[in-house]
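Read the structure below first, then the notes.
Number of protein chains: 2
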Amino acid sequence: MNAPEKAPLLAQSASGAGAESASPDLNELMQTLGVQARAASALMAKAHSASKNAALRALARRLREHTTELQASNALDLERAQASGLSEPMVDRLKLTPKILETVALGCEQLAAMPDIIGEISGLTQQPSGIRVGQMRVPLGVFGMIYESRPNVTIEAASLSIKSGNACILRGGSEAIESNKALARLVHAALAEAGLPADAVQLVPTTDRAAVGRLIAMPDYVDVIIPRGGRSLIERVSREAKVPVIKHLDGNCHTYVDAPCDIDMAVTVADNAKTQKYSPCNASEGLLVARDVAREFLPRIGAVYAAKGVEMRCDAEAQSILASVQNAKVTTASEQDWYTEYLAPIISVKVVDGLDEAIAHINRYGSHHTDAILTTDHVHAQRFLREVDSASVMVNASTRFADGFEYGLGAEIGISTDKFHARGPVGLAGLTSLKWVVLGQGEIRT
Amino acid sequence: MNAPEKAPLLAQSASGAGAESASPDLNELMQTLGVQARAASALMAKAHSASKNAALRALARRLREHTTELQASNALDLERAQASGLSEPMVDRLKLTPKILETVALGCEQLAAMPDIIGEISGLTQQPSGIRVGQMRVPLGVFGMIYESRPNVTIEAASLSIKSGNACILRGGSEAIESNKALARLVHAALAEAGLPADAVQLVPTTDRAAVGRLIAMPDYVDVIIPRGGRSLIERVSREAKVPVIKHLDGNCHTYVDAPCDIDMAVTVADNAKTQKYSPCNASEGLLVARDVAREFLPRIGAVYAAKGVEMRCDAEAQSILASVQNAKVTTASEQDWYTEYLAPIISVKVVDGLDEAIAHINRYGSHHTDAILTTDHVHAQRFLREVDSASVMVNASTRFADGFEYGLGAEIGISTDKFHARGPVGLAGLTSLKWVVLGQGEIRT
């Protein structure tokens, strides 16, 4: 997926060797994957919980049994990556270490231990006509997943797909093709061992980039697409897909330090929200501080950030307060800074009148991902929760908690920045739909 | 919206007078509506339940007070429609009779009496880190609705929008423009009376067809589009929209008469499912009969359909059984018949081996809208509910029950034939989203 910015998804092959659009062979291959996925999804939708859990446990066992073999396949990818001059961090992300394999194996076992939400009927109520009406949770059908180098995503997606009773078609990064093929073989063996169709999890077996264009444009065979990767990939998939997309765009998250608040707690949480890790989407990129606490709070957090080398891009008021902090990297924020997701040791800082200005700033400049208020005022907390239009809204907690595992979902297929269908961290329920169930005794409409 | 089949949505004016794309004026108008809707949606999202309910009751009162005035505006539309040679059924659908106005007024009062689902927090549970995590129901934001002649839809959409805390932009049929403008004035007055922003419900004030093309392509201002109308309108909106669409395509519904079943009940329900009304999307278009009951059941339902003039398009086996029924219109079904939504006194009839063939037929030829099994076998009922991949699955009830009011939703903005977001009848909850709420006491991520 590490394509040059402007390459159209639909019209180029990975080799760059002149293939300009999907070849007849590729079209046939993708169509076959689609037909097989649709057929497998019908079997997965009615599969017993015991079979799905058996497949997940078998997969965990096989991941442990075949660690050496997996590492041999992984070595082929790593050699090719190094030979082609892939950057060191990218090569790192490709690695299937025993530790990573153990983590994904444990993840499969945790999923196996979770309750099965498929088939659950909720809200069954009797209507005036006599019929009883409720909603049954059912799989979406087939999802397509497009992701970049980390091969462990292959197992995360496969295991979530099995547990949720869906079928999936996985398109990993071309850098990881050998690792992904080896992992897919284990998945197929685990499915077969549990009496489930191997086609329930299929890997696109070619690195031809035109395959992505086909995958996102087969509404007869694929019900939803989940892209995980850089912004340009996700924007392109969203633009060109002919089916719904569960997508994750920017994480321009804010921490708002309210007045009144517990200043010690605010320093601890604002520090964690920015510096615990710089790269995740739920790290805070903007710090808003109520004027009434700014002179007390800002020098303290400023000293913490200064010690960690975090640059503070400030409005005039914050800048003048922070001027006295030793070794602080304090600069002037531009309008663009308020919009920016740095993913780096940089944070924008602004003094606001209070709650109203904080909410207005977040709703205007934020990306509706995750925003937190640090406060001791009950009314302010309630208003922030209600009025900030973001997928996750928090009181007195670090924005870094916006995560499927921290939310108790047990697993996460992605984080949605849309409002439609699934919002925020997406677990098993995001891969399901509710159908209506009507139980009667011969009632007719009059 | 009664456009010729091939006219592109985006590029023609209603007058046909040569306007080829949205004029700068129209672009500006639509942009203004969008900006106003977005601003109003923020106020509606935090509006008190009491205000929203007061607006709904004020609207009901005003509809009753202004019946004469509304009928005068409606008369302008009716005259124009008759002068332009609109068909009698189309003119009928345009009429705002006192009875229709009373029905929509009652609908507003019923909505006012329903609980407010906005702000409700569900599933709040404590996580190992100490944070408590739940989900809050919030409005989607702004929806755009595109509909055909019936002007009462203006009030149905407006009232659902108010109750669900959304803002909406309504684009009714050009035939109903005077009626819709008069209704929109009442909505604005009711909103103002309750202290809510009048822009929460806006009617596109022009009949220029290019307005539709703009409305469906403003992702900054419109979160979802709901088209209600003929198939060609809905397909075109789905194809060209730049935002999610809650859409309703075919209703090729089935009634499957299982063995064993209560034959008397099966005759009553299969009759009702087809003949209670021919035009609704939830009328049954296909009748499947298990071989073991076919000789007993088919002659009885055949006599009922014969008496009502319903044509039966049959497979060979059904045709031979029905041959003896007096006055029956029995013809041979083509492959195409199994796919067809007749919306007319015609039904396809097929004898099947039993449950497996019935489920396979429905999943293959049906439109995943509504399908019913009539049976006394518990296992068959459970399998049908689980394995038929339709928005509504029923046991021993008429498919005609697939309806928001019959399901107890209190109101219906449409019926979705998609699996994503909302499936089947869409009430207030379909116009909302769930955001994550995190309550902490200074927890940080480690």
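Top line first, the protein sequences correspond to chains A and B. Under our numbering, the first residue of the first sequence is numbered -12, with each subsequent residue one higher. Under our numbering, the first residue of the second sequence is numbered -12, with each subsequent residue one higher. Built from N, CA and C at the ideal position, the CB exists for glycine as well.
Legend entry - Element boundaries [alpha helix (DSSP H), containing H241(B)]: No alpha helix (DSSP H) holds H241(B); the beta strand (DSSP E) holding it covers C240 to V244.
Legend entry - Contact set between the stretch 75 to 107 of chain B and chain C, restricted to residues whose Cβ is under 8 Å from the partner: As a matter of chain content, chain C is missing from the structure shown, whose protein chains are A and B.
Legend entry - G289(B), buried or exposed, once every other Cβ within 10 Å from all chains shown has been counted against 16: buried
Inset, instruction - Spatial neighbours of Q263(A) within its chain, please: CB distance less than 6 Å, with the 5 preceding and 5 following residues excluded, ordered by chain position. - result: R387
Inset, instruction - Mind the definition here: the stretch 187 to 196 of chain B touches the stretch 211 to 222 of chain B only if three or more C-beta pairs lie below 8 Å; say whether that holds. - result: no
Inset, instruction - Just grab the DSSP bridge partners of M470(A) for me. - result: Residue coverage of chain A in this structure runs from -12 to 433, which leaves residue 470(A) outside it and unanswerable.
Legend entry - Three-state class that DSSP yields for C301(B) in the structure shown: strand
Legend entry - Given 8 Å, three or more beta-carbon pairs between the stretch 371 to 378 of chain B and the stretch 343 to 350 of chain B: Counting Cβ pairs under 8 Å, three or more are found: they touch.
Inset, instruction - Look at the Cβ atom of L274(A), then the Cβ atom of I334(A), and state whether they are nearer than 8 Å. - result: yes
Inset, instruction - For E11(B), return the contacting residues in chain A, with the cut-off set at a CB-CB distance below 9 Å. - result: It is Pro, not Glu, that sits at residue 11(B) in the sequence shown. Within 9 Å Cβ-Cβ: nothing; P11(B) doesn't reach chain A, min ~25 Å.
Inset, instruction - Taking H367(A) and D245(A) to be in contact with their CB atoms under 8 Å, please state how far apart those CB atoms are, rounded to whole angstroms. - result: 5 Å
Legend entry - Cross-chain neighbours of R410(A) in chain B, by beta carbon under 7 Å: S420, L421 and K422
Legend entry - Cα-Cα separation between I104(B) and V230(B), rounded to whole angstroms: 24 Å
Inset, instruction - Compare the C-beta of Y394(A) against all C-beta atoms of chain B and say whether one is closer than 8 Å. - result: Closer than 8 Å: yes.
Legend entry - Assigned secondary structure, N(-11)(B) (DSSP; H/G/I helix, E/B strand, else coil): Note that N(-11)(B) has pLDDT 34, beneath the 50 cutoff, so the model's placement of it is unreliable and the number below is only indicative. In the structure shown, N(-11)(B) sits in coil (DSSP, three-state: anything other than H, G, I, E or B).
Legend entry - Local conformation of K316(B) per DSSP, three classes: coil
Inset, instruction - May I have the straight-line CA-CA distance separating V413(A) from G429(A), to the nearest angstrom? - result: 40 Å
Legend entry - T318(A) vs N239(A) beta-carbon contact at 8 Å: no
Legend entry - Simplified DSSP state of A359(A), which is helix, strand or coil: strand
Legend entry - Anticipated Cβ contact below 8 Å, R201(A) with N14(A), distance rounded: 6 Å
Inset, instruction - Within its chain, find whatever has a CB closer than 8 Å to the CB of K422(A); leave out the 5 residues flanking it on each side and keep chain order. - result: Q122, M123 and V125
Inset, instruction - Go through its chain and collect everything with a Cβ distance to G427(B)'s Cβ below 6 Å, but skip five positions before and after it. - result: I118
Inset, instruction - Using a threshold of 8 Å, state whether the C-beta atoms of L190(A) and A171(A) are closer than that. - result: yes
Inset, instruction - Excluding the 5 residues preceding and the 5 following N259(A) in the sequence, name in chain order all residues of the same chain whose CB lies nearer than 7 Å to its CB. - result: S385 and R387
Legend entry - Cβ pair count under 8 Å reaching 3, the stretch 56 to 65 of chain A against the stretch 17 to 36 of chain A: Put simply, the stretch 56 to 65 of chain A does not touch the stretch 17 to 36 of chain A. Fewer than three CB pairs are less than 8 Å apart.
Inset, instruction - Determine, using beta-carbon pairs with one atom in the stretch 135 to 143 of chain B and one in the stretch 67 to 86 of chain B, whether at least three such pairs fall under 8 Å. - result: yes
Inset, instruction - Would you kindly report the start and end of the unbroken alpha helix (DSSP H) that includes P11(B)? - result: P11 to A32
Inset, instruction - Give the single residue among A359(B), L111(B) and E272(B) whose Cα lies nearest to the Cα of Y394(A). - result: L111(B)
Inset, instruction - Could you please give the first and the last residue of the uninterrupted beta strand (DSSP E) stretch that includes K337(B)? - result: I333 to V339
Legend entry - Buried versus exposed call for E143(A) [16 or more other C-beta atoms within 10 Å across all chains shown]: Of the residues assessed, E143(A) falls on the buried side of the cut-off, its CB having 16 or more other CB atoms within 10 angstroms.
Inset, instruction - Verify the CB distance criterion: does M205(B) have a CB-CB separation below 8 Å to chain A? - result: no
Inset, instruction - Taking V425(B) as the reference, give the member of A409(A), Q369(A), D340(A) and G397(A) with the closest Cα. - result: Q369(A)
Legend entry - Where K337(A) falls, given that 16 or more other Cβ within 10 Å makes a residue buried: That one is buried.
Inset, instruction - If I'm right that L73(B) touches E162(B) with Cβ under 8 Å, what's the distance once you round it to whole angstroms? - result: 7 Å
Legend entry - R49(A) burial status per 10 Å Cβ neighbour count (16 or more: buried): buried
Inset, instruction - Could you tell me if K295(A) is buried or exposed, where buried requires 16 or more neighbouring beta carbons within 10 angstroms of its beta carbon? - result: exposed
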